[in-house]
Amino acid sequence: MAVAPDPSEIFDRAVEEGERRLDQSMLELVSTSFIAGFTVVFGMIALGIVEGAFEPRFPELAKIAGAIAFGPALVFLVVGRTELFNENFFDPVAKAVDADDSWMVGPLVRLWVVTFVLNLVGGGLFITLLSVEGALTPGAVHVLTRTAEEIIHRRVAAELVKAVTGGALVALLSFLLEAVDSVGSRIPLAYVVGVLLTLGPFDHVIVTILHVFFGMLLGAKIGLSELAVTTAVVTAGNLGGGLGLVTLSHVAQVKGAEESEG
43 MAVAPDPSEI
53 FDRAVEEGER
63 RLDQSMLELV
73 STSFIAGFTV
83 VFGMIALGIV
93 EGAFEPRFPE
103 LAKIAGAIAF
113 GPALVFLVVG
123 RTELFNENFF
133 DPVAKAVDAD
143 DSWMVGPLVR
153 LWVVTFVLNL
163 VGGGLFITLL
173 SVEGALTPGA
183 VHVLTRTAEE
193 IIHRRVAAEL
203 VKAVTGGALV
213 ALLSFLLEAV
223 DSVGSRIPLA
233 YVVGVLLTLG
243 PFDHVIVTIL
253 HVFFGMLLGA
263 KIGLSELAVT
273 TAVVTAGNLG
283 GGLGLVTLSH
293 VAQVKGAEES
303 EG
């Protein structure tokens, strides 16, 4: 029976993966970030279609079914090794902490800014294509429009809490992925996190912005100022949950173990 690696070994694996991510050429980073953006939209489409199909007859199960349908989107991202904002917090930070001569601020900012922007570009272009009348079922259009309006009308405090939780959940996925050795193990981890993220519903800034943009194109009454406020709140929450709650606490765990051994 395989034994799970200890936190120090997970950290070492994360350093290696973080180095790979930080050393990508600009073309590779732009491409993988763009791919991740339109890939996650497949989960949104599945959520809309399935939830819309369940709602008329099984309204109490509709959201659960939609969450189950969204799950494969994270599997596609993880198996395809694409670059999704927030999912790339733990590994690069582990590399930066491990480096003796630099905090690697420039490479980290480059990675996160390019990923954030190209995730939105890739997802936004695909959503624009799918917003053509007749491309989606009426049920899916209804669900996606309603989802966008629900996101926009949440109280700021609730939105922030959901974003902290979503950021922590996705960053935790990055940590757990370094604890397994095979694609077969990575698939259920990614799937479970995808389902939990949607069940909350908890907020991942890229998914949230794309949901709102989808709703706007499908007819939701949402202004740009409302989109801007939601973007700011969810981004702050994801940074707090992903970097503060998960990444830095796991780094502290490893450094504390090293001090104890020393």
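Okay, so the sequence shown: first residue is 43 according to the numbering used here, each after it adds one.
Glycine residues also receive a C-beta, built at the ideal position from the N, C-alpha and C atoms.
Note to self: Pop quiz: residue 237 and residue 52 are said to be a contact at Cβ under 8 Å. What is the actual Cβ separation, rounded to whole angstroms?
What the structure shows: Residue mapping note: residue 237 aligns to position 195 of the sequence shown, counting from 1. Residue mapping note: residue 52 aligns to position 10 of the sequence shown, counting from 1. Not a contact, Cβ separation roughly 23 Å.
Next item on the list: Rounded to whole angstroms, what's the CA-CA distance from residue 135 to residue 299? Just pull it up for me.
Entry: Here residue 135 is taken as the residue at index 93 of the sequence shown, counted from 1. Here residue 299 is taken as the residue at index 257 of the sequence shown, counted from 1. Their Cα atoms are separated by approximately 18 Å.
Item checked: Spatially closest choice to residue 202 from 177, 139, 272, by CA coordinates -> Here residue 202 refers to the residue found at position 160 of the sequence shown. Of the listed residues, the one whose Cα sits closest to residue 202 is 272.
Next item on the list: Kindly list the residues whose CB is nearer than 7 Å to the CB of residue 179, restricted to its own chain and excluding five residues on each side of it in sequence; keep chain order.
Entry: For the purposes of this step, residue 179 is taken as the residue at position 137 of the sequence shown. Counting only Cβ-Cβ distances below 7 Å, and skipping sequence neighbours, we find 91, 94.
Check: So, do the region 210-229 and the region 281-291 have three or more beta carbon pairs nearer to each other than 8 Å?
Finding: yes
Next item on the list: Tell me whether residue 255 sits in a helix, a strand or coil according to DSSP, three-state version.
Entry: Taking the first residue of the sequence shown as 1, we reach residue 255 at position 213. Of the three classes helix, strand and coil, the one that applies to residue 255 here is helix, per DSSP.
Checklist line | Rounded straight-line distance, which links the Cα of residue 227 to that of residue 170 | finding: By 1-based counting over the sequence shown, the position of residue 170 is 128. By 1-based counting over the sequence shown, the position of residue 227 is 185. One C-alpha to the other measures close to 34 Å.
Checklist line | Top-ranked residue by Cα proximity to residue 129, from 50, 46, 60 | finding: Translated into the one-based positions of the sequence shown, residue 129 becomes position 87. The option with the nearest alpha carbon to residue 129 is 60.
Notebook entry, point to check: Can you tell me the Cα-Cα spacing of residue 161 and residue 248, whole angstroms?
Noted result: For the purposes of this step, residue 161 is taken as residue 119 along the sequence shown, with counting starting at 1. For the purposes of this step, residue 248 is taken as residue 206 along the sequence shown, with counting starting at 1. C-alpha separation (whole angstroms): 7 Å.
Item checked: residue 117 classed as buried or exposed, judged by whether at least 16 other C-beta atoms fall within 10 angstroms -> Counted from its first residue, the sequence shown places residue 117 at position 75. It is buried - the Cβ of residue 117 has at least 16 other Cβ atoms within 10 Å.
Item checked: Three-state secondary structure (DSSP) of residue 54 -> Taking the first residue of the sequence shown as 1, we reach residue 54 at position 12. Correct three-state label for residue 54: helix.
Checklist line | Outcome for residue 225 when other beta-carbon atoms lying within 10 angstroms are tallied against a minimum of 16 | finding: Locating residue 225 in the sequence shown gives position 183, counting from the first residue. By the neighbour-count rule (16 or more Cβ atoms within 10 Å), residue 225 is not buried but exposed.
Notebook entry, point to check: Going by Cα to Cα distance, which pick from 131, 168, 163, 166 is closest to residue 151?
Noted result: The residue given as residue 151 occupies position 109 in the sequence shown. Ranking 131, 168, 163, 166 by Cα distance to residue 151 puts 131 first.
Check: What is the DSSP secondary structure of residue 145, reduced to helix, strand or coil?
Finding: By 1-based counting over the sequence shown, the position of residue 145 is 103. In the structure shown, residue 145 sits in coil (DSSP, three-state: anything other than H, G, I, E or B).
Note to self: Less than 9 Å between the C-beta atoms of residue 46 and residue 120, yes or no?
What the structure shows: Counted from its first residue, the sequence shown places residue 46 at position 4. Counted from its first residue, the sequence shown places residue 120 at position 78. No, the Cβ-Cβ distance between residue 46 and residue 120 is not below 9 Å.
Margin query: Which residue wins for smallest C-alpha separation from residue 241, given the options 98, 76, 207?
Written below: To locate residue 241, count along the sequence shown from 1; it is residue 199. Ranking the options by Cα distance to residue 241, first place goes to 207.
Check: Cβ of residue 137 within 9 Å of Cβ of residue 212?
Finding: Position 95 of the sequence shown, counted from the start, is the residue given in the question as residue 137. Position 170 of the sequence shown, counted from the start, is the residue given in the question as residue 212. In this structure, residue 212 does not lie closer than 9 Å to residue 137 by Cβ.
Check: residue 162: beta carbon under 8 Å from a heavy atom of the ligand NAP?
Finding: In the structure shown, the ligand NAP is absent, as is every other ligand, since no ligand is present at all.
Checklist line | Where the alpha helix (DSSP H) through residue 114 begins and ends | finding: Here residue 114 corresponds to residue number 72 of the sequence shown, with the count starting at 1. It spans 114-121 - the alpha helix (DSSP H) in which residue 114 sits, taken as one unbroken run.
Margin query: Extract the residue ranges of the alpha helix (DSSP H) inside the region 218-298, only unbroken runs of 4 or more that lie entirely within it.
Written below: 225-241, 247-259, 266-281
Notebook entry, point to check: Helix, strand or coil: how does DSSP classify residue 109 here?
Noted result: Within the sequence shown, numbered from 1, the residue matching residue 109 stands at position 67. Residue state, collapsed to three classes: helix.
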